[in-house]
Structure formats: C-alpha cells, structure tokens
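A.B. asks:
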Amino acid sequence: MVMKTMMLWRFALSLLVCLICASVVVQCDEKNINKLLNNQVIVSRQIMCVLEKSPCDQLGRQLKAALPEVIVRNCRNCSPQQAQNAQKLTTFLQTKYPDVWAMLLRKYKT
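FYI, in mature numbering (1 follows the signal peptide of the UniProt record, and there is no 0) the residues of the sequence shown are -22 to -1, 1 to 88.
#1: Indicate whether K42 and V19 have their beta-carbon atoms separated by less than 8 Å.
#2: Could you spell out where the alpha helix (DSSP H) holding L29 opens and where it closes?
#3: Helix, strand or coil for N52? Go by DSSP, reduced to three states.
#4: Should E47 go down as buried or exposed, given a rule of 16 or more other Cβ atoms within 10 Å for buried?
#5: So L37 packs on Q24, CB below 8 Å; how close in whole Å?
#6: Where does T69 fall in DSSP's three states?
#7: Verify whether the separation of the beta carbon atoms of V50 and K87 is less than 8 Å.
#8: Quick one: Cα of D35 to Cα of N10, how far?
Structure below.
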C-alpha cells in the first residue's frame, strides 16, 4: 500500500510539472522543473486542486484547463517549447508509471 501511494505521488508530481510547463507562458527549463518538484507546498496544493479535493488558486485553474490539451489533444495547440516539455514528461510517465498513465488516459479520454 505504501509503495502504491508513493508511486501515485511521484506520478502526480510528474503530471503537475507537465501541466505547468504546458500551460504557463514562461519557458520551463530543467532548473524550473526541479524547483517545482522540490516545493512540496505548491505541489500538494495543485495536486489537490487537479483532483478536485480542494479549491484552486490561479495556477490550479491553469493546470485543470491544460489537462485536456495535454492528455486528450496531445498538445496540438501548444507552442513548440510547451509541446517539447509536455512530451518529455509524458514519455517519462508512460515509461516509469504505465499503469497510472493508463488510468489517467481512461479518466480523460472517456
């Protein structure tokens, strides 16, 4: 149970970074990605928002709005940099957490 919880948190953190990179105008480089992943307060707040378990702030609303673009439309309307960041992180999820990725696809593609 603990391992599954850890896996879900890692997935959620990775998804959070993917969505931030796809939805925010600023360039998202390696330093920014690491900074986001290391900020547990921001990560927890945005995960709870995306999961609809708590109210959303502005970033959370951007994340929720980005979900369909990143997951359903494969970032067709993203800028080249946004698409590259989203692809890099979704590939990571597909490789490292295929079961969780499949659940996410079922949730948003139905």
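Glycine included, every Cβ here is placed at the ideal spot set by N, Cα and C.
C.D. replies: Walking through what the data contain:
#1: no
#2: Note, L29: premise wrong, no alpha helix (DSSP H); not H, not E.
#3: coil
#4: buried
#5: 6 Å
#6: helix
#7: yes
#8: 19 Å
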